[in-house]
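>
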Amino acid sequence: MKIQILLRKIKNAPKAFKFVWYLYLNKIARFSVLPSLLSVLGIKNFRSYLWRKSGCNVGKDVFIGWDVYYDVGNAKLITIEDEVSITNRAIVFCHRRDLSHYYKGDNYKNVPFIKLPVVIKKGAAVGTAAIIMPGVTIGEGAVVAAGALVTKDVPAWTIVAGCPAKVIKVLEDRTE
Amino acid sequence: MKIQILLRKIKNAPKAFKFVWYLYLNKIARFSVLPSLLSVLGIKNFRSYLWRKSGCNVGKDVFIGWDVYYDVGNAKLITIEDEVSITNRAIVFCHRRDLSHYYKGDNYKNVPFIKLPVVIKKGAAVGTAAIIMPGVTIGEGAVVAAGALVTKDVPAWTIVAGCPAKVIKVLEDRTE
Amino acid sequence: MKIQILLRKIKNAPKAFKFVWYLYLNKIARFSVLPSLLSVLGIKNFRSYLWRKSGCNVGKDVFIGWDVYYDVGNAKLITIEDEVSITNRAIVFCHRRDLSHYYKGDNYKNVPFIKLPVVIKKGAAVGTAAIIMPGVTIGEGAVVAAGALVTKDVPAWTIVAGCPAKVIKVLEDRTE
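In the order they appear, the protein sequences are chains A, B and C. Reminder that position 17 of the first sequence reads as 270 in my numbering, one-by-one numbering, no gaps. Reminder that position 54 of the second sequence reads as 307 in my numbering, one-by-one numbering, no gaps. Reminder that position 142 of the third sequence reads as 395 in my numbering, one-by-one numbering, no gaps.
(1) Distance cutoff 7 angstroms, beta carbons only. Does I384 of chain B sit that close to anything in chain A?
(2) Any C-beta of chain C sitting closer than 7 angstroms to the C-beta of L430 of chain B?
(3) Using a Cβ-Cβ cutoff of less than 6 angstroms, which residues in the same chain neighbour R300 of chain C once the five nearest sequence positions on both sides are dropped?
(4) Rounded to a whole number of angstroms, what is the C-alpha to C-alpha distance between S338 of chain B and A377 of chain B?
(5) Keeping to the same chain, check which residues put their C-beta closer than 6 angstroms to that of K313 of chain A; ignore five residues upstream and five downstream.
(6) Pop quiz: P387 of chain A and H348 of chain A are said to be a contact at Cβ under 8 angstroms. What is the actual Cβ separation, rounded to whole angstroms?
(7) Going by the beta-carbon positions, is the gap between I384 of chain A and I331 of chain A smaller than 7 angstroms?
(8) What residue from C:K271, C:T340 and C:N360 has the CA that sits closest to R427 of chain B's CA?
(9) Please decide whether R300 of chain A counts as near chain B, where near means a Cβ-Cβ distance under 7 angstroms.
(10) Using a Cβ cut-off of 9 angstroms, which residues of the stretch 349-363 of chain A contact any Cβ in chain C, in chain order?
(11) With a 10 Å radius around its C-beta and 16 neighbouring C-beta atoms as the bar for buried, classify L278 of chain A as buried or exposed.
(12) For V345 of chain A, name the three-state secondary structure that DSSP assigns.
(13) Could you run through the stretch 327-338 of chain C and flag, in chain order, every residue whose CB is less than 9 angstroms away from some CB of chain A?
(14) Please state the DSSP three-state secondary structure of K329 of chain C.
(15) So, are the CB atoms of K374 of chain A and E393 of chain A less than 7 angstroms apart?
(16) Put R427 of chain A into one of helix, strand or coil per three-state DSSP.
(17) Taking a contact to mean a Cβ-Cβ separation below 7 angstroms, would you say A418 of chain A touches L402 of chain A in this structure?
(18) Please name the residues in the stretch 368-394 of chain A whose beta-carbon is closer than 9 angstroms to at least one beta-carbon of chain B, in chain order.
(19) In whole angstroms, give me the CA-to-CA distance for V311 of chain C and N298 of chain C.
(20) Assuming E425 of chain B contacts K362 of chain C under a Cβ cut-off of 8 angstroms, what Cβ separation, rounded to an integer in Å, is found between them?
(21) Can you give me the Cβ contacts of P370 of chain B inside the same chain, cut-off strictly under 6 angstroms, excluding the 5 residues immediately before and after it?
(22) Tell me which residue opens and which closes the alpha helix (DSSP H) that A282 of chain B is part of.
(23) Determine the burial state of I296 of chain C: buried for a count of at least 16 other Cβ atoms within 10 Å of its Cβ, exposed for fewer.
(24) May I have the straight-line CA-CA distance separating R305 of chain A from Q257 of chain C, to the nearest angstrom?
(25) Under 8 angstroms by Cβ, that's how I've got F366 of chain B and V325 of chain B pegged, so tell me the actual separation to the nearest angstrom.
(26) Rounded to whole angstroms, how far is the Cβ of A398 of chain A from the Cβ of P408 of chain A, which I believe are closer than 8 angstroms?
(27) Going by DSSP in three states, S353 of chain C sits in which element: helix, strand or coil?
(28) Give a yes or no on whether the minimum CB-CB distance between D426 of chain A and chain B is below 7 angstroms.
(29) Please compile the residues from chain C whose C-beta is within a distance smaller than 9 angstroms of the C-beta of V293 of chain B.
(30) Beta-carbon within less than 6 angstroms of K390 of chain C's beta-carbon, same chain only, minus the 5 sequence neighbours each way: which residues are those?
(31) Tell me, please, whether the CB atom of L402 of chain B is closer than 7 angstroms to any CB atom in chain A?
(32) Quick check on this structure: which residue in A:P267, A:S307, A:V364 and A:F284 has the alpha carbon closest to the alpha carbon of R342 of chain A?
(33) For chain A, is any of its Cβ atoms less than 7 angstroms away from the one on V321 of chain C?
(34) Check whether the Cβ atoms of V420 of chain A and A269 of chain B lie closer than 7 angstroms to each other.
(35) Contact defined as beta carbons within less than 8 angstroms: I believe V315 of chain A pairs with T340 of chain A. What is the distance between those atoms, to the nearest angstrom?
(36) Can you tell me the Cα-Cα spacing of W274 of chain A and K422 of chain B, whole angstroms?
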């Protein structure tokens, strides 16, 4: 199988080329209409497949919208559990400069990076254009509103919104 | 005419394929330099044409910037009146989960959707990267500032800004 | 050299076509994996090169992430000094409607534009999805947080965040 040989070659290629390949897979997931076309033809979760192929841990029945970017260079730090929804244009980041080591007169480019995992727990939902920062865990069933900037952990069964995101509602038990 | 036959075929194709086709038209409107090239050659409003072809109600002399996404699956719920400006990377959404039916322990994916129209009235302007949520009407001549998250109706002749957007200025009558 | 002839032709073409060409260069800088591939092969700063070719003043050793959009039609108003970092999906704008001339009943499309330069000083960093508005100068070594909307000048050696962006930290001298 030619494709399998190609894939094996890619697997053995240096990490750097892999990164470019993973970027390309993410590009397909973000902008191509192919995932939607496949979905119409009955092949669901093609975006989840592309994310997995480029290193993320992605569970079952995960919905991923268009133009969702994840930290391709640190994809192994990303865990998306079952039944999560990530809507359009959201961003998931796993690295940033450690600004606690940044002083007046320093060269920003020499400030060390910190890499931290992002975990989106079962059934949680990330809204349109929300930004998930490094180290954040989004609890089970939690909802991140559109446009939110999530800098801290989100407790399970809450709704958060704003820049930076704060809890605006704690979900209640069904009383019926 | 081959193109007309193709277009007729598309019109008769199942709704699902139409959705993919509409997504593709939106992709051209968002990322291609073709609309700008046509504009230079004297053919204005190509983006408006693409939006109309994919189901939106778009008036005359509407300016649409690059990478503006609208709710392709619910385009019929979108009305853009004459002389509206929608700047780069704005988002117009017409559906969301009805979180008033979401309780602790529920499966988010079973929460019902609500679909609500978005109306952008005559001469209104939507700023860069603003997000217009379902059900919102933006009043005549109103201005939505860059980066605003519009969750409620915007009164005519006002300027709104922020996340969520609030009125920051009421436009005055000309005194000259 | 065929390419050189083509480039000369483009140089002599009307301003309007140049604009489309510059948009295309920006499109490559924003979405192509080519800059990452070249970077892996040892050719750094390809995005800076594309920005320069389309009119921006870009210094040495500048990092530009994917999907960063600048005001292509007013690129000459943009100055990026040495060692600046501009992260993914940031936006740099140099023109806007002058709303101080906008009154109730006016046609928004007749409101005059103001065009103002944007300067990002040496070693400054612009975070993910931040929006830099016309006329802003970002001081030396300053850091703009992810998702910030920068409407005013950012003092040197400070960190700003929020919509609109405010100083959240003044960087201190090293005491060691």
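Where a beta carbon is used, it is the ideal one built from N, C-alpha and C, also for glycine.
Taking the definition as stated:
(1) With its beta carbon less than 7 angstroms from one in chain A, I384 of chain B belongs to the interface.
(2) In the structure as shown, chain B starts at 254 and stops at 429, and residue 430 of chain B therefore has no counterpart that could be examined.
(3) Correct list, in chain order: A282, P288 and I317.
(4) C-alpha separation (whole angstroms): 6 angstroms.
(5) For K313 of chain A, where only same-chain residues beyond five positions count, the Cβ hits under 6 angstroms are D335.
(6) With a Cβ gap of about 6 angstroms, P387 of chain A and H348 of chain A count as contacting.
(7) Result no, Cβ atoms of I384 of chain A and I331 of chain A do not sit closer than 7 angstroms.
(8) The option with the nearest alpha carbon to R427 of chain B is C:N360.
(9) Closer than 7 angstroms: no.
(10) Within the stretch 349-363 of chain A, contact with chain C at the beta-carbon level (separation under 9 angstroms) is assigned to R349, R350, L352, Y355, Y356, K357, G358, D359, N360, Y361 and K362.
(11) The residue is buried, with at least 16 neighbouring Cβ atoms inside 10 Å.
(12) V345 of chain A: strand per DSSP, three-state reduction.
(13) Under the 9 angstroms Cβ criterion, the stretch 327-338 of chain C contributes E336, V337 and S338.
(14) K329 of chain C sits in a helix when the DSSP states are folded into three classes.
(15) One thing to note: K374 of chain A has its Cβ within 7 angstroms of the Cβ of E393 of chain A.
(16) DSSP places R427 of chain A in coil when its eight states are reduced to three.
(17) Yes, these two residues count as a Cβ contact at 7 angstroms.
(18) Residues of the stretch 368-394 of chain A that bring their beta carbon within less than 9 angstroms of a beta carbon in chain B comprise G376, A377, A378, G380, T381, A382 and G394, in sequence order.
(19) Spanning the two alpha carbons is a distance of roughly 10 angstroms.
(20) About 19 angstroms separates the beta carbon of E425 of chain B from that of K362 of chain C, a gap too long to meet the 8 angstroms contact definition.
(21) Taking C-beta separations shorter than 6 angstroms and ignoring five residues to either side along the sequence, the partners of P370 of chain B in its chain run L330, following chain order.
(22) Per DSSP, A282 of chain B belongs to the alpha helix (DSSP H) from K268 to F284.
(23) In this structure I296 of chain C is exposed. Its beta-carbon is surrounded by fewer than 16 other beta-carbon atoms within 10 angstroms.
(24) Cα-Cα distance, rounded: 43 angstroms.
(25) Between the beta-carbon of F366 of chain B and that of V325 of chain B there is about 15 angstroms, and that puts the pair past the 8 angstroms contact cut.
(26) In fact, because the Cβ distance is near 15 angstroms, the residues do not count as touching under 8 angstroms.
(27) In the three-state reduction of the DSSP assignment, S353 of chain C falls in the helix class.
(28) At a cut-off of 7 angstroms between C-beta atoms, D426 of chain A counts as an interface residue with respect to chain B.
(29) Residues of chain C whose Cβ lies closer than 9 angstroms to the Cβ of V293 of chain B are, in chain order, P267, A269, F270, F272 and V273.
(30) The amino acid at residue 390 of chain C is misidentified as Lys; the sequence shows Thr. Around T390 of chain C: V372 and D406.
(31) The Cβ of L402 of chain B sits closer than 7 angstroms to at least one Cβ of chain A.
(32) Ranking the options by Cα distance to R342 of chain A, first place goes to A:F284.
(33) Output row for V321 of chain C: interface = no.
(34) No, the pair does not count as a contact, with Cβ atoms beyond the cut-off.
(35) V315 of chain A to T340 of chain A, Cβ: 12 angstroms. No contact.
(36) Distance between the alpha carbons of W274 of chain A and K422 of chain B: 48 angstroms.
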